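Trainee:
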Amino acid sequence: MVGAPNWLHVETEDDSPQITTLSSCITLSDVQRDGYVRLLAADISLDETSQEPSATLKVFRGLKLKQEQTLPGIPAAIASLYIDESEPKTPVIAVAIAESVLFYRNLKPYFKYTIPALDSEELEQEVWRKLPVVKTESYPALLDSLKDIEHAKLSRKSQRLLQLSEEEREGFIATHKDSPVGRVGNIVAMCCLKRISSDSNPPSHLVLATDTGLVLILEPQGFNLVYEGRTCSHETAVPSMISVQGTFEADFCIVVATRNGGVYLLRKSHSEGQEVFKLGSPLTGLLLLPIDQTIIASSMDNRYVCYSKRGKLLYQVALPAPPVCILPLPLTHLGLTLVAIALKGGMVKFYLQRYQVDEFALEETVDAMLYGRMGMEDHVLTLVTQSGQIVVKILRRVSRFEPRPEDLGNRRPGGDQNAIADASILDKPKKSSIFVEQAAREKKQAKATYGSFQVELWRVRHTAARATIDAINSSESTISGDLTHAPVKLSAEVCGSGPAFRLYLTVQNLSTFKMASNLVVLLHADRRHYAIQQTLARLPSVLPGVPLRVDFEVVAVLDSMDKLPPATLNPDNSQIRVMLMKAGQAKPLIAAVVAMPQSEAAY
Amino acid sequence: MGMLHNLADLIKIKKDKMTILVLGLNNSGKSSIINHFKKSSEQTSIVVPTVGFMVEQFYSMSGVSIKAIDMSGATRYRNLWEHQFKNCHGIIYVIDSSDRMRFVVVKDELDLVLKHPDLSNRIVPILFYGNKSDVEDSLSCVKIAAALRLENIKEKPWHICSSNAISGEGLGEGVQWLIQQMRFAMLSNKDASKAKAKISK
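Protein sequences appear in the order of chains F and L. For the first sequence, the UniProt record's numbering begins at 1 and goes up steadily by one. For the second sequence, the UniProt record's numbering begins at 1 and goes up steadily by one.
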């Protein structure tokens, strides 16, 4: 906000054209296929009271009006899309007017698609069958029966008939008696959905929302409906805005805002909308952001809110004036998506999530905004003001958008408080169905559960014991094989004739320069055969070349009665295991076995 | 003696290669202009958008060997421009004189070029081409100079002429001016360095 502005203002000439339009009725398209993207706008003339409101489709090259075409009605939305992969790629302009979508190719009418009519009530059809044949006197009775049906569910011609005075009715019935009795919804919103994801102009489908609450996806090659959804289960939810993300082939999400402030989410797999959130005041803009998949809405109570798809309020920002329209600005070169919000009075603010990163003011309120590649430039923001002025702003190449540090700073204390409040409430997981099932099963089969637990426990112990034996046996030699430490040699001799023996161990450092430190000697023998006073000895550091001699007292266990060794002792198990270990290391350096001589009887 | 020195300097410069940087927005006609300077046997009939940059060698009519660095004008490659500023002797800045909407971008990019530390302290002549003079709603070079407020460039020699890269109209005139200016700039730079050397002695 300090220094040079981020947006370069394009100077316009005095005789620049004026248009009255909405955000949904402007688009950018390479209609001439020359690489120069032109601005297309539906100019809706409402100001002249004498004339019926009419609309024209205008094509601008830069800011110069190049072509125009009269439209047969007031459009709800226009869109530019590619319908197939064939080269050269020709964009098609889709204009949604009342219940049809008009397709223009090379700015010439190409196809008209009308959405299918809904079945009308039995009673209404019955009335229309009778009306042409009965006498004029019985009209009021028949028309009264029509009034029993909800007004919104009547076909358009019945609605009109009920409004007419008695004299006009006969003529109206005569002219309309043969036209089908059906209810057709008007298209209120339209946008494009890419069929597959590819970077350069992929073919798209059209997403249409009607005032009967339907959400349809039209495939514009064969003009078939490939998806039909409902905003929600009750009829009264009339969509007003839609926003789409994803691709038709993979997965997509459609968010629909209704006129009474509800926002509904439809998925590819879920054709009936789920209510995400409902605001008390009418919405003025709705966006589904592509990267973080959050839903952004601006509402008439001067707020800008962001919800997750599950309906959790992520943040809200208070605005100084009522928002008029909002627009996503995907800045691919920066990897950001900004949200531009035009406020009443002419202020345009740019938000990066909840932080305002830029703003500028125009003289009057902005009615419509459009962002994208225009002409030869990639990042062009076009704004149409209330009086019809077209303002073009180009993003500076060197612009960077970062939240102001004071905003981040102000936010932090509040955030910490929230964190503390959150910490005091333990994050208890919900009782999932798996948990409940498991609890029930444990109650029912307690015995089997306990048994299998014990089996597994023993198995673990067995595995551990086996690993220990393996570790001991693997180092069974008299010289340590571990290369990371100094090599150590262990030799042993047994002196004495029994029952008391003396076991001399000689530890020798074979290295020339390394010191062998932190060594421990552990003796291990069968308790029934030999008694050892001290089984563990910590050795001092062994210097290279200086042998270290340690001795242990070993007493053979003899039967006190017959002075003979126990019967279990035989030459195979009359042995003592000597382990040389390094402190802090699980595996012994050397594990040697000393065979003990036969003990003589003690006298 | 002094005169002889000057002459030697002139000859030396003739042997030197001059490096010209060709800048401008995308689709303004940079590659087409370079294409026109090349020998007729090397010219291409189809000019495609440049990616990154291209280096072209050619000889001007007065026999000076010129190395032209044709920079890409696409938004995402414009940050490459500044890497070439250090070793260039002259700049050709190409403007699409029919694209009125983007004059503001042209001006912004030009300001960034002029403010860059590698160029701001040196005398580097800048030649502006108001290209596409054949297009119906193109502006004259006087109007372009006014729109870009070129009169504010005080410390560098500059010249603007309208051109048509397809027919080659106006290209030669501009390059003649640029080569002459580059010679002056080199001489004055050398004098300056000599003066400096003397002072240090």
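For glycine and all other residues, C-beta sits at the position ideal for the given N, C-alpha and C. Given the structure is predicted, the values throughout are model-derived calculations rather than measurements.
Does DSSP put Ser65/L in a helix, in a strand, or in coil?
Mentor: strand
Trainee: Can you check which of these residues, Phe111/F, Pro547/F, Gly182/F, Arg466/F, is closest to Thr512/F by C-alpha distance?
Mentor: Checking every option, the nearest Cα to that of Thr512/F belongs to Pro547/F.
Trainee: Does any residue of chain L bring its CB to less than 8 Å from the CB of Leu8/F?
Mentor: yes
Trainee: Count the other C-beta atoms from every protein chain shown that fall within 10 angstroms of the C-beta of Glu136/L, then say buried if there are 16 or more, exposed otherwise.
Mentor: So Glu136/L ends up on the exposed side.
Trainee: Considering only C-alpha positions, which residue in the set Ser133/L, Leu150/L, Arg122/L, Phe53/L is nearest to Ser98/L?
Mentor: Among Ser133/L, Leu150/L, Arg122/L, Phe53/L, the Cα nearest to that of Ser98/L is on Ser133/L.
Trainee: For the candidate residues Ile166/L, Ala185/L, Leu171/L, whose alpha-carbon lies nearest to that of Ser45/L?
Mentor: Ile166/L
Trainee: Do Leu510/F and Asp551/F have their beta-carbon atoms positioned less than 8 Å apart in this structure?
Mentor: no
Trainee: Mark Thr20/F as exposed unless 16 or more other C-beta atoms lie within 10 angstroms of its C-beta, in which case mark it buried.
Mentor: buried
Trainee: Leaving out five residues on either side along the sequence, give the residues of the same chain with a beta carbon under 6 Å from the beta carbon of Ile32/L.
Mentor: According to the sequence displayed, residue 32/L carries Ser and not Ile. If we look at Ser32/L and ignore the five residues flanking it on each side, its Cβ neighbours are Val47, Ala165.
Trainee: Contact criterion: CB-CB distance below 8 Å. Does Val398/F meet it with respect to chain L?
Mentor: Yes, because at least one Cβ of chain L sits closer than 8 Å to the Cβ of Val398/F.
Trainee: State the Cα-Cα distance for the pair Ala41/F and Gly73/F, rounded to the nearest angstrom.
Mentor: Approximately 14 Å, taken between the alpha carbons.
Trainee: Whose Cβ in chain L lies nearer than 7 Å to the Cβ of Asp292/F?
Mentor: Ordered by position in chain L, no residue passes the 7 Å Cβ test against Asp292/F, which lies about 24 Å from the chain.
Trainee: Once the 5 residues before and after Glu121/F are set aside, which same chain residues still bring their CB inside 7 Å of it?
Mentor: Ile149, Lys153
Trainee: Using the DSSP secondary-structure output, state which residues sit across from Ile341/F in a beta bridge.
Mentor: Note: Ile341/F sits in a beta bridge opposite Ile326/F, Lys349/F.
Trainee: Given the structure, does Leu150/L come close to the ligand ADP, in the sense that its CB is under 7 Å from one of the ligand's heavy atoms?
Mentor: Because no ligand of any kind appears in the structure shown, any question about the ligand ADP cannot be addressed here.
Trainee: Do Ala77/F and Met241/F come within 8 Å of each other at the CB atom, strictly closer than that value?
Mentor: no
Trainee: Please classify Phe435/F as buried or exposed, where buried requires at least 16 neighbouring CB atoms within 10 angstroms.
Mentor: By the 10 Å Cβ count, Phe435/F comes out exposed.
Trainee: Determine the chain L residues that contact Asp378/F at a beta-carbon separation under 7 Å, and present them in chain order.
Mentor: Thr75
Trainee: Quick one: is Ala423/F near chain L, going by C-beta distance under 8 Å?
Mentor: Any reading at Ala423/F is ruled out, since the residue's pLDDT is 45, under 50, leaving its predicted position unreliable.
Trainee: Using three-state DSSP, classify Ser45/L as helix, strand or coil.
Mentor: Ser45/L falls in the coil class under three-state DSSP.
Trainee: Expressed to the nearest angstrom, what Euclidean distance is found between the alpha-carbon atoms of Leu208/F and Thr136/F?
Mentor: Approximately 41 Å, taken between the alpha carbons.
Trainee: Flag Gly372/F as yes if its beta-carbon sits less than 8 Å from any beta-carbon of chain L, otherwise no.
Mentor: no
Trainee: What are the residues that DSSP puts in a beta bridge with Asn201/F?
Mentor: DSSP, once it has assigned bridges, lists no residue as partnering Asn201/F.
Trainee: I'd like to know whether the C-beta atoms of Leu383/F and Met101/L end up nearer to each other than 8 Å.
Mentor: No, they are not a contact pair.
Trainee: In the segment 84-104 of chain L, which residues sit with their C-beta less than 7 Å from some C-beta in chain F, listed in chain order?
Mentor: From the segment 84-104 of chain L, only Asp99, Arg100, Met101, Arg102, Val104 have a Cβ closer than 7 Å to chain F.
Trainee: Check whether the Cβ of Asn152/L lies closer than 8 Å to any Cβ atom in chain F.
Mentor: no
Trainee: Given that a residue counts as buried once 16 or more other Cβ atoms are within 10 Å of its Cβ, and exposed if not, what is Ala556/F?
Mentor: buried
Trainee: Show which residues of chain F have a CB atom less than 8 Å away from the CB atom of Asn27/L.
Mentor: Within chain F, the residues near Asn27/L are Gly35, Met376.
Trainee: Use the C-beta contact count for Cys141/L: other C-beta atoms within 10 angstroms, 16 or more gives buried, fewer gives exposed.
Mentor: buried
Trainee: For a cutoff of 8 Å on Cβ pairs, would you count Arg183/L as touching chain F?
Mentor: no
Trainee: Just checking my contact of Ala257/F with Leu283/F at CB under 8 Å: how many whole Å lie between their CB atoms?
Mentor: 5 Å
Trainee: Along the chain, where does the alpha helix (DSSP H) that runs through Asp108/L open and close?
Mentor: 103-115
Trainee: What's the gap between the Cα of Thr75/L and the Cα of Glu56/L?
Mentor: 22 Å
Trainee: Would you identify the three-state DSSP class for Ala146/L, choosing helix, strand or coil?
Mentor: helix
Trainee: Are the C-beta of Pro413/F and some C-beta of chain L separated by less than 8 Å?
Mentor: Note that Pro413/F scores a pLDDT of 42, beneath 50, so its modelled location is shaky and nothing firm can be said.
Trainee: Quick one, which residues of the segment 38-64 of chain F are near chain L if we go by CB-CB under 8 Å, in chain order?
Mentor: Gly62, Leu63, Lys64
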